[in-house]
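Novice: Here it is: the structure, laid out below.
There are 2 protein chains.
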Amino acid sequence: MAARVLELIVFLILVAFSRKICSRKFFWAFNHPAYGSAGYFLSWRLAVEANNVRAWRMVPSQCLRHVEDYMTGGQYERDIELIVDQIAEYIEGINVSEDGLDAWILDVDDTCISNLFYYRGRRYGCDPFDGPGFVAWALRGECPAIPPVLRLFQRLIEAGFKVILVTGRDKASLGEVTIANLQSQGFDGYERLIMRTREYGGKGAVAYKSAVRKLLVEEGYRIWGNVGDQWSDLQGEFVGNRTFKIPNPLYFVS
Amino acid sequence: MAARVLELIVFLILVAFSRKICSRKFFWAFNHPAYGSAGYFLSWRLAVEANNVRAWRMVPSQCLRHVEDYMTGGQYERDIELIVDQIAEYIEGINVSEDGLDAWILDVDDTCISNLFYYRGRRYGCDPFDGPGFVAWALRGECPAIPPVLRLFQRLIEAGFKVILVTGRDKASLGEVTIANLQSQGFDGYERLIMRTREYGGKGAVAYKSAVRKLLVEEGYRIWGNVGDQWSDLQGEFVGNRTFKIPNPLYFVS
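In the order they appear, the protein sequences are chains P and U.
Going by the UniProt record's numbering, the residue at position 194 of the first sequence is 194; the numbering climbs one at a time, nothing skipped.
Going by the UniProt record's numbering, the residue at position 243 of the second sequence is 243; the numbering climbs one at a time, nothing skipped.
Listed below in structure tokens is the structure:
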């Protein structure tokens, strides 16, 4: 009988120990260097989105696992959904005129359509940018829509806004495929797709996009909103009445 | 013997089961509505810092637990440290002149010194702003320094910059106590503390701080950097060569 009691005690201790190991694992998950890198990634990502970290060339390599989790685990899309909700609230308060000049500007890459599949092959931005590789990817015309932004796009058009897509993509080499890619992903009914022509070759994004917006304002458009994944989409001149920054922890465009 | 074997099997099953329950709990932690609110808080906080959510009056109540964790659990300070590291890198590249006109602008509340203890009593911003309560708190002169910003402050002065503190605090009622509070927390050697005078009463923060910076630029100061916890510190005119946004998920100043 004593042996049985002893066995029971040993058993209970082992069960308790097993739980303890397990809860230690749980604890560990938040205190291990791995959590350190998760905390670092959170700080870094926040600083990127608040425009505190600029002109960065690569995602810090200790962030690889976390940037993958962020982009593919649901939080990236949730972040965009909250922004789109904010935009929807803002739109509610605008009286759209019948003169056809109430405009919104949307960036294309990683605002309307996603290059995530390409960046998966570049270790989510932990590898340096590869221009020819990116062009080869873009030429496939297979960038999927970013669902909350597609819904925003449709909502803007339904509300009577003129949606003008402005992209740094080169018109000569990527014009056709970009139109087809947008079309295949449901981006139908936009007012204009403005791509980079030779005239703007070599210009930084802020200068190029400011010049484009200036022409639009001169045409009479009222830019109510401007949505992009890069701060260079949202800075410079004629940025619009409100700007909205879509998260992008994969790359930085100056 | 068979009974012993059976016992052993039962024991092993129970141990395995115990682990399974435990790992389910772990899984649950990331899929339960509680994680939903954690994910929501992450999205909301990101959108606040990227200036996508504006003119908000209170922290959404489902964020209470998370904003407390964020502010008191280490991530808030880590976020500021990364920003201060970025500033340090930027400072390295500046040649400070001997004319005494290379300036930095720092905001005071929740940039240099913290109101976290006050906001703890306001459910970390989930309660509406209480003007008289805040004044009573500020009059105690007990705001602690935010350690990474104090180190930045000292570094700026060592590097030869003129540090100019610009705050929306009312000079007549809070002038003396603010000077004493800053002094007691180690903010020694700044060039000037500019507080709101009657002249700027009722003006929004962007207008007031732009006007102050304009006067500084007219005096000949070169504003190399501008650090604040509110976008209204960093927008408007003469914002400086670079701006840095310190996180603040507790309140919004228009």
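We put the beta carbon where it would ideally sit given N, CA and C, even for glycine.
Would F244 of chain U pass as an interface residue toward chain P - the criterion being a Cβ-Cβ separation below 7 Å?
Specialist: It does; some Cβ of chain P falls within 7 Å.
Novice: According to DSSP, is K162 of chain U part of a helix, a strand, or is it coil?
Specialist: In this structure, K162 of chain U counts as strand in the three-state DSSP scheme.
Novice: What is the DSSP secondary structure of N31 of chain U, reduced to helix, strand or coil?
Specialist: Because the pLDDT at N31 of chain U is just 41, under 50, the model does not fix this residue reliably, and the point stays unresolved.
Novice: Taking DSSP's pairing of strands, which residues face N226 of chain P in a bridge?
Specialist: Looking at the DSSP assignment, N226 of chain P forms a beta bridge with P:I105, P:T243.
Novice: Under the three-state reduction of DSSP, which class applies to A145 of chain P: helix, strand or coil?
Specialist: Strand, per DSSP.
Novice: Where does R54 of chain U fall in DSSP's three states?
Specialist: Residue state, collapsed to three classes: coil.
Novice: Mind checking which residues open and close the beta strand (DSSP E) that includes R120 of chain U?
Specialist: Per DSSP, R120 of chain U belongs to no beta strand (DSSP E); it is in the alpha helix (DSSP H), 116–120.
Novice: With R78 of chain U as the anchor, note down where its alpha helix (DSSP H) starts and where it stops.
Specialist: Counting along the chain, the alpha helix (DSSP H) containing R78 of chain U begins and ends at 75–92.
Novice: Using the C-alpha atoms, what's the distance from V227 of chain P back to K162 of chain P?
Specialist: Their backbone Cα atoms lie some 14 Å apart in a straight line.
Novice: If the cut is a Cβ gap below 8 Å, which residues of chain U does D110 of chain P touch?
Specialist: Neighbours of D110 of chain P on chain U: none; closest Cβ ~15 Å, over 8 Å.
Novice: I53 of chain P versus chain U: which residues are under 7 Å apart at the beta carbon?
Specialist: Here the sequence assigns Val to residue 53 of chain P, which means Ile is not the residue at that position. What V53 of chain P touches in chain U: Q86.
Novice: Applying the criterion that 16 or more other CB atoms from any shown protein chain within 10 Å of the CB defines a buried residue, is P249 of chain U buried or exposed?
Specialist: The residue in question, P249 of chain U, is buried, as its Cβ has 16 or more Cβ neighbours within 10 Å.
Novice: Measure the beta-carbon distance from L150 of chain P to F117 of chain P and round it to whole angstroms, keeping in mind my assumption that it falls under 8 Å.
Specialist: Not confirmed; about 17 Å, so no contact.
Novice: Which residues in chain P have a C-beta closer than 7 Å to the C-beta of L42 of chain U? List them in chain order.
Specialist: Those within 7 Å of L42 of chain U in chain P are Q75.
Novice: Given A136 of chain U, which residues of its chain have a CB within under 6 Å of its CB, disregarding the five upstream and five downstream residues?
Specialist: None.
Novice: For L193 of chain P, which three-state DSSP category applies?
Specialist: Three-state DSSP puts L193 of chain P in a strand.
Novice: If you reduce the DSSP assignment to three classes, tell me which class G39 of chain P lands in.
Specialist: The answer is helix: DSSP assigns G39 of chain P an H, G or I state.
Novice: Determine the direct distance from the alpha carbon of E49 of chain P to that of A50 of chain U, and round the result to whole angstroms.
Specialist: Those two C-alpha atoms are separated by around 5 Å.
Novice: Quick one: is D130 of chain P buried, meaning 16 or more other Cβ sit within 10 Å of its Cβ, or exposed?
Specialist: Exposed: under 16 other Cβ atoms inside 10 Å.
Novice: On the DSSP letters alone, give me the boundaries of the alpha helix (DSSP H) that K209 of chain U sits inside.
Specialist: That run of the alpha helix (DSSP H) goes 205–218.
Novice: Around the C-beta of A47 of chain U, are 16 or more other C-beta atoms found within 10 angstroms, so that it is buried, or is it exposed?
Specialist: So A47 of chain U counts as buried.
Novice: Can you say whether N181 of chain P is buried or exposed, counting buried as having 16 or more other CB atoms within 10 angstroms of its CB?
Specialist: Buried is the call here.
Novice: Against D79 of chain P, what residues of chain U qualify as contacts under a CB-to-CB distance less than 8 Å, listed in chain order?
Specialist: Near D79 of chain P (Cβ distances below 8 Å), the residues of chain U are L42, S43, L46, A47.
Novice: Please tell me whether L82 of chain P has its Cβ less than 7 Å away from any Cβ of chain U.
Specialist: Closer than 7 Å to some Cβ of chain U, the Cβ of L82 of chain P qualifies, so yes.
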